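Asks:
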Amino acid sequence: MVELVEVTKAYGEPGGAGAVSVLKGITLKIEPGRSVVIVGPSGCGKSTLLNIIGGLDHPTSGHVLLDGRDLAGLNDEELARIRNRQIGFVFQLHHLLPQCTVLENVLIPTLAERDGSSRNEVRERAKALLARVGLEDRTSYRPGELSGGQRQRVAVARALINTPKLLLADEPTGSLDESTSQSIAELLAELNRDQGVTLVVVTHSRELAARIGHVMELRGGTLRDRGQS
Amino acid sequence: MSLWRLVTRSIGFYWRTNLAVLLAVVVATGVLTGALAVGDSVRYTLQKTLEARLGQVELAVLPQGRYFRAALAEDLERPLGGTVAPVLQVSGIITNDDGSQRVNRVQVLGVTDKFYAVGPGAVGRASPHDVVAWASRPWIGDHGQDARATGEDGAAGVVLSEPVARRLGVAVGEEVVLRVEKPGLMPRDVPLVSDKDRTVAFRLKVQAIADDSTFGRFDLQANQASALNIFVPLSWLGEQIEQPGRANMLLAAHLKSGVLADQMSTAVKRAWQLADAGLELERLSKQDVLELRSRRVFVDESIGAEALKAGAKAQGILTYFVNEVRLGDKTTPYSMVAALADGRVVPADMHSDEIAINQWLADDLGVKVGDSVDVTYFVIGPRRQLLEQHSRLKVIRIVPTDDPACDPTLMPRFPGLADVNNCRDWKPGIPVDLNKIRPKDEQYWNEHRGTPKAFVTLEAGQRMWRNQYGSLTAVRYPWRQGLAEEIERHLMSSIDPASLGLFFQPVRDRGTQASRQGTDFGELFGGLSMFLIASAVILIGLLFVFGVESRRGQIGMLMAVGWPAKRVRRLLLAEGGIVALLGTIAGVGVGLLYTRLMVYGLATLWSGAVGGAQIYFHVRDLTLLGGGLGGLGAALVAIWLTLRTQATQPAHQLMTGSSEDAFSRGIRRSRGRFGVVAAIVSFVGVAILLRMMPTGGGEATAGAFFGAGALLLVGTLGLSHAVLRMAAVGWNRPMVSLQGLGLRNAARRSGRSLAIIGLLACGVFMVVAVGANRHDPSKEATGRDSGTGGFALYGDSSIPILHDLSTESGRKALGLAGQELDDLQVVQFRVRDGDDASCLNLNRAQQPRLMGVQADALKQRKSFQFTATVDEDQEKKGWGLLRMDLDKGAVPAIGDYPTVSWALGKNIGDEVEYTDEMGRPFCVRIVGILANSVLQGSLVIAENEFVARFPSVDGYRVLLVDAPADKVDAVAQRLSSGLRDYGLVLTPTGERVAAFGAVENTYLSIFTVLGGLGLILGSVGLGMVVLRNMLERRGELAMLRAVGFGKGQLKRMVFYEHWGLMLAGLACGVISAIVAVIPAVQSPGGQVPYLSLLVTVAAIGLSGAVWVWIAGTGALRGALLDALRQE
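Line by line, the protein sequences give chains A and B. According to this note's numbering, the stretch in the first sequence is residues 1 to 229, in order. According to this note's numbering, the stretch in the second sequence is residues 230 to 1356, in order.
1. Contact criterion: CB-CB distance below 7 Å. Does A80(A) meet it with respect to chain B?
2. Between the alpha carbons of D1100(B) and L988(B), how many angstroms are there, rounded?
3. Determine the burial state of V921(B): buried for a count of at least 16 other Cβ atoms within 10 Å of its Cβ, exposed for fewer.
4. Report yes or no: do the segment 1029 to 1039 of chain B and the segment 1051 to 1071 of chain B share at least 3 C-beta pairs separated by less than 8 Å?
5. Going by the CB atoms, is the gap between V1120(B) and V1153(B) shorter than 7 Å?
6. Looking at the secondary structure, which residues open and close the beta strand (DSSP E) in which N333(B) lies?
7. When the distance is taken between beta carbons, is G860(B) closer than 7 Å to T824(B)?
8. When you compare each of R525(B), A437(B), V347(B) to E484(B) by their alpha carbons, which one comes out closest?
9. Q179(A): buried (16+ other C-beta within 10 angstroms of its C-beta) or exposed?
10. Using the beta-carbon count (16 or more within 10 Å), is W233(B) buried or exposed?
11. Assuming K46(A) and V202(A) form a contact by the criterion Cβ under 8 Å, report the distance between their Cβ atoms to the nearest whole angstrom.
12. What does the alpha-carbon distance come out to for the pair P292(B) and M478(B)?
13. Per DSSP, which one or two residues make a beta bridge with Q1358(B)?
14. Applying the criterion that 16 or more other CB atoms from any shown protein chain within 10 Å of the CB defines a buried residue, is I322(B) buried or exposed?
15. Secondary structure at G221(A), three-state DSSP: helix, strand or coil?
16. For S1015(B), which of N1161(B), G971(B), R981(B), L854(B) has the nearest alpha-carbon?
17. Compute the beta-carbon to beta-carbon distance between G545(B) and L687(B), rounded to the nearest angstrom, for a pair I have assumed lies under 8 Å.
18. Spatial neighbours of A362(B) within its chain, please: CB distance less than 6 Å, with the 5 preceding and 5 following residues excluded, ordered by chain position.
19. Answer with yes or no whether the minimum CB distance from C44(A) to chain B is below 7 Å.
20. Cβ of G228(B) within 7 Å of Cβ of S1248(B)?
21. Using the beta-carbon count (16 or more within 10 Å), is N120(A) buried or exposed?
22. Does F242(B) come within less than 7 Å of chain A when only Cβ atoms are used?
23. At 8 Å on the CB atoms, spell out the chain A contacts of S239(B), in chain order.
24. In angstroms with no decimal places, state the Cα-to-Cα distance between R512(B) and A634(B).
25. Taking only the alpha-carbon atoms, compute the straight-line gap between P357(B) and D342(B) and give it to the nearest angstrom.
26. Name, please, each residue of chain B whose Cβ falls closer than 8 Å to the Cβ of D76(A).
27. When you compare only the Cα positions, how much space is there between S35(A) and Q86(A)?
28. Have a look at L449(B), N651(B), Q742(B), W708(B) and flag the residue whose alpha-carbon is nearest the alpha-carbon of L521(B).
29. Please list, in chain order, the chain A residues whose beta carbon lies closer than 7 Å to that of P1127(B).
30. How would you label V1255(B), buried or exposed, when you count the other beta carbons within 10 angstroms and need 16 or more for buried?
31. Determine, using beta carbons only, whether L168(A) and G54(A) come nearer to each other than 7 Å.
32. Give the interface partners of N84(A) over in chain B, defined as CB-CB distance under 8 Å, in chain order.
33. Give the secondary structure of P308(B) by DSSP, where H, G and I count as helix, E and B as strand, and everything else as coil.
34. Can you list, in chain order, the residues of its chain with a C-beta nearer than 6 Å to that of V1283(B)? Leave out the 5 residues immediately preceding and following it.
35. Would a check of beta-carbon distances place N51(A) closer than 7 Å to chain B?
36. Taking G806(B) as the query, report the chain A residues whose CB atoms sit under 9 Å from its CB, ordered along the chain.
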């Protein structure tokens, strides 16, 4: 599903005195339906790695292959289409649109590009997803009327609206309390298990890592397999 | 969910930001629409004025100093099928009953019902019987015939136009005294025509007051100021001024479509009669001849030439009044001498230095054949100067006094001579010393009347007495039956009536053109509102981008979930577009209010800009659409420009961080080198410009200074840019003060900071640079090279003055005496009325007033300052240019800059087409342009050129009077009272120039007000920037609080930063403006409004300071530490 080949990422002039190397030749292969948790200390480059996997950032060198397709050869439009159709994102800050209802927020990705489904079908799918995350009775609420956990659930539903094969979550529980974090972790694990969505989660939460599955640690710019949690 | 829904949700959710954007769009659209609508209103006013002054008149025969049959109008109607109204127009002066109120230069119009038939719509369309409102004109009967010239109570009646009634303060039923010009049979400049009894006065009862709807505004000239009209019955006026049944103007309306002036003139050719040319054919039975004479005494050259060809054995005659015939010490006073070629008394072989005399004269002088006699006679020079001339002629024949050649009918009908019984009653237009008249002379007059006592050849006579009005007094043909008809046919077919002034001119087309090409107030107000509009547009951009920037996270999220950046920008553009559209709709409505406000301003505070004209509010749908689209377009461009830089950063940066990284990268690339280079180049440019400064002042110098100021502005802004960049990265020394921190902060977003400095600097520069150009021309009124030409008074008379006011004899002839007039120097101008080409006329003058002057009078004085000439030759330079020989027969002309450039839209070397009084087109070429002057509104040509083209325009109506400073008041009083009957109005030249200058100053005032408003709006933008800066840095401010900064300290830091930017902007603008306005400050008439400029700059500064304070205080209010915790 996802394959990283010798991926490096450096900031500053390459080879320059002030250059900082964040990722140092990371090679990783994630099979479809698998779930991977990337842990590591703050500032080690976890989010950078996730952004590179999701096509939000470009590696300094190396390749990222999604279903065997090298993302480096794609322009911004094509990357946007891949993000829209094949990848779902869950961010630490949910970035819900305060002006829209919960249902509308879930539907936002569908406005970027239609997949051939009718409006009704898409709406039903969104409602089903909201039911799946336990918010079927909150569809007409505004984000401002929801709790932090509920907002993050909406963000998860939004990430799944286009039925992506790959779900990337960057510190999805970072700003949540413990019990809410647990419920979000369970939700992600269920999605991976029940729907076969490939899941890559970046976190420094050991609890979350423990619930998801295969743990890899990013330290000093390299990735080490810590095995199944 | 749909895009539309997302857009509307966003608009509603961010309503505060959107409302601010909307209000800025409202301002931009409102001001733009308002400016365009002011243009509409002025155009509409000009169009309305055109309708009011011309009614339905399309073509007109203009007064050319000749009088034709009023019945010619009817003769023309039949073939043309339209309406032709005859009008008799003369100048006049009117006073109220007790003489306490007086209006000079009124246009007295003798009219019939036809006049109202060609009037404005309502009057013109209605049958005269149906016009109830016009019932107060019982003195005008039907069918062009005046039933009676009196009101019901028997008093003679008059209708006043509304402005005349207002100025006199009279109402219907009250009495007025009207003094009108009595034109006489021929121009007053004709030799031997009396200059006495030139006016005639009447006490009349006001029958009605005519407003615009009743043709009270009638005027053939394209002026928006109301004409001062007096209406009386045509036949009554004709009787009073001894032009019965005659008219000098024809107004044609309701013509078949496509009838042009040329076709009308062709119709005139078919319909005219000899009487229309003032010609008459009379059979003289005793002499058995048919004689052709002119009512104007002298037969026009062109007619005379044709008349000599009209019949076999035609004999031209020129009879003249000579002062004396002398032989030695014997003289015979005041005699007629005839020049002819009869083949008998004056045989073909007679020489031009020979004379034949009658026996009576021979006896009186004791002359024998072979003696030489001296003949003395007057000819009339310019300003009616009597030039006494002599001719010595050898007597070759003495004819019996009863010889048929001694024919009393040879004397033309000189007024004052031909119609008196006793020669002691003679009143010719020359001084006659009655003491010289002996009893035998009286006896000769009694027995022989004006029988010539001597005869010379026609050639000799014409050499001595030919003048601009002709060289024959009669043409005689041997009588035979049917000859009169033959002669008439010949003359009518060979003479072009246009040469007699009988030609139509396209007055409506000209008027329409004048109003269409008139001052475009839409453009003008657009320009004057430039800063207001620009500020509003900048504000739109600022507010919008701030709104967008506050949603960076959303933008990042949308991009992360697969929205292409373009689509995100389109979404935001759609949001902004809808807000802009709503703002535009509201703005158009506000624009209408703004227009009303501006129209009110033009009626009150700024009335000087429109010459005091009443401006009617009028807006076209197209203007609303244009203003709306313009506002919308400007808003969309502003939004689009700000959106271009949005959604360009990676989605994850937008979601998680600030744009500081990109900012820092940009800063590193430039350490302010660009600003330094720009500053150096600009300062070098300023130095070069100031070094190469043109000498002698004038507009070139002013332009150079303005250019230097503008360059200096660029330089100071470059310097500011460099300072900001250096403060950002170049200065490594720690800045440990609040001020230093403020500078670092200002440097952080140097683009934004520079925008604030630039906006304020440009605005202040323009407001100060333009505002400082206010001018009081009256302050430089004394110099001969000033706008007054060194003259103290400008005079304008209703009745032309024939004599030279600079000479004692001239003053004596006008009945002026007094010591105060001894050193009087007057330059007099002949005037051919035309459009007012001054800046007081909003119409584009088509044929401006033409004035004729003797160039030497002004050349010797070196009066007025030339700003441009076609020829730099010193000899010809200045007023000598009027003597240039130009190709294609063009007439050299001089006008002042506002006349040539603004009113006519011409430049040096350009031409203006005119038609002379003989209907011949000619071109006037601009050979010299004066600086702003008292002559504004007219083009000046040489007097000889003027007379050649307008010989019937007699005398001088405009005077420039120079008198010693201590006598000016006394001279003014003496001239005004002495020439009261001429309707002379004297104005101090300084006042007149100042009145013209007031227009320019009014424009400057409007600019200052609107520019100031724009700047205040710009300072609101400054407040927005401050607010934004503070909100962006809320976390940092919280940190500063956390590490122990007090709120007061933070406020001071914020104020140092932003007030610093504001002061930098003001300083850059003011310093640059000071250089730009050096010429204005140094100019003697410079009236730099230091106080108002200081107040304007202070107001801008204060407004900015207040906004900074409000924004800073607002941003620092609340729990800042919460922001830190959120971080």
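C-beta: ideal position from N, C-alpha, C; glycine also. Since the model is a prediction, treat every value here as computed from it, not as a measurement.
Replies: Reading it off the structure:
1. Position 80 of the first sequence, counted from the first residue, corresponds to residue 80(A). Interface residue, yes.
2. Position 871 of the second sequence, counting from 1, holds the residue named residue 1100(B). Position 759 of the second sequence, counting from 1, holds the residue named residue 988(B). One C-alpha to the other measures close to 45 Å.
3. As a working mapping, residue 921(B) is identified with position 692 in the second sequence. According to the sequence displayed, residue 921(B) carries Met and not Val. Label assigned to M921(B): exposed.
4. yes
5. For the purposes of this step, residue 1153(B) is taken as residue 924 along the second sequence, with counting starting at 1. For the purposes of this step, residue 1120(B) is taken as residue 891 along the second sequence, with counting starting at 1. Yes; because the gap between Cβ atoms is below 7 Å, this pair is in contact.
6. On the second sequence, residue 333(B) is found 104 positions in, with the first residue counted as 1. Unbroken beta strand (DSSP E) run through N333(B): 331 to 340.
7. On the second sequence, position 595 is the one that residue 824(B) refers to. On the second sequence, position 631 is the one that residue 860(B) refers to. The answer is no: Cβ separation not under 7 Å.
8. Position 255 of the second sequence holds residue 484(B). Here residue 484(B) turns out to be Leu, not Glu, going by the sequence shown. For the residues R525(B), A437(B), V347(B), the minimum Cα distance to L484(B) belongs to V347(B).
9. Walking along the first sequence from the start, residue 179(A) turns up at place 179. First, the amino acid is wrong: residue 179(A) is Ser here, not Gln. Classification for S179(A): exposed.
10. Counted from its first residue, the second sequence places residue 233(B) at position 4. The residue is exposed, with fewer than 16 neighbouring Cβ atoms inside 10 Å.
11. Stepping through the first sequence from its first residue, residue 46(A) is reached at position 46. Stepping through the first sequence from its first residue, residue 202(A) is reached at position 202. Sure, about 4 Å apart at Cβ, within 8 Å.
12. For the purposes of this step, residue 292(B) is taken as residue 63 along the second sequence, with counting starting at 1. For the purposes of this step, residue 478(B) is taken as residue 249 along the second sequence, with counting starting at 1. In a straight line, the C-alpha of P292(B) is about 5 Å away from that of M478(B).
13. The structure shown does not extend to residue 1358(B), since chain B is modelled only from 230 to 1356, so the question has no answer here.
14. Stepping through the second sequence from its first residue, residue 322(B) is reached at position 93. Buried: at least 16 other Cβ atoms inside 10 Å.
15. Taking the first residue of the first sequence as 1, we reach residue 221(A) at position 221. Reduced to three states, the DSSP call for G221(A) is coil.
16. Reading the second sequence from its first residue, position 786 is the one you call residue 1015(B). Out of N1161(B), G971(B), R981(B), L854(B), N1161(B) has the C-alpha closest to the C-alpha of S1015(B).
17. Mapped onto the second sequence, residue 545(B) falls at position 316. Mapped onto the second sequence, residue 687(B) falls at position 458. That pair is a contact at about 6 Å.
18. For this step, residue 362(B) is matched to residue 133 along the second sequence. Low confidence applies to A362(B): its pLDDT is 36, below 50, so where it sits in the model is not reliable, and the reading given next is rough at best. Nothing meets the Cβ criterion.
19. The sequence position of residue 44(A) within the first sequence is 44, counting from 1. Answer no: the Cβ-Cβ gap between C44(A) and chain B never drops below 7 Å.
20. Outside the displayed range of chain B (230 to 1356) lies residue 228(B), so it cannot be described from this structure.
21. As a first step, residue 120(A) is located in the first sequence; it is residue number 120 there, counting from the start. Classification of N120(A): exposed, given that the 10 Å Cβ count is below 16.
22. Sequence index remark: in the second sequence, residue 242(B) carries index 13 (1-based). Answer yes: the Cβ-Cβ gap between F242(B) and chain A drops below 7 Å somewhere.
23. Counting from one through the second sequence, the residue named residue 239(B) turns up at place 10. L97, Q99, listed in chain order.
24. Here the question's residue 512(B) lines up with position 283 in the second sequence. Here the question's residue 634(B) lines up with position 405 in the second sequence. Whole-angstrom Cα-Cα distance: 17 Å.
25. Within the second sequence, the letter at position 128 stands for residue 357(B). Within the second sequence, the letter at position 113 stands for residue 342(B). Confidence in P357(B) is poor, its pLDDT being 36 and thus under 50, which makes the residue's placement unreliable; the coordinate value appears in the next sentence. Taking the straight line joining both Cα atoms gives about 7 Å.
26. Against the first sequence, residue 76(A) aligns to sequence position 76. Within chain B, the residues near D76(A) are P793, A794.
27. Here residue 35(A) is taken as the residue at index 35 of the first sequence, counted from 1. Here residue 86(A) is taken as the residue at index 86 of the first sequence, counted from 1. Approximately 16 Å between the Cα atoms of the pair.
28. Position 292 of the second sequence holds residue 521(B). Considering only alpha carbons, the answer is W708(B).
29. For the purposes of this step, residue 1127(B) is taken as residue 898 along the second sequence, with counting starting at 1. Within chain A, no residue comes near P1127(B); the closest Cβ sits about 58 Å away, beyond 7 Å.
30. In the second sequence, the residue the question calls residue 1255(B) occupies position 1026. Its Cβ being crowded by 16 or more others within 10 Å, V1255(B) is buried.
31. Position 168 of the first sequence, counted from the first residue, corresponds to residue 168(A). Position 54 of the first sequence, counted from the first residue, corresponds to residue 54(A). Taking 7 Å as the Cβ cut-off, L168(A) and G54(A) qualify as a contacting pair.
32. On the first sequence, residue 84(A) is found 84 positions in, with the first residue counted as 1. V790, G791, W792, listed in chain order.
33. Residue mapping note: residue 308(B) aligns to position 79 of the second sequence, counting from 1. If DSSP states are grouped into helix, strand and coil, P308(B) belongs with the helices.
34. By one-based count along the second sequence, residue 1283(B) stands at place 1054. Same-chain partners within the cutoff: G1341.
35. In the first sequence, the residue the question calls residue 51(A) occupies position 51. Yes, because at least one Cβ of chain B sits closer than 7 Å to the Cβ of N51(A).
36. In the second sequence, counting from the first residue as 1, residue 806(B) sits at position 577. The contacting residues do not exist; G806(B) stays about 17 Å from chain A at best.
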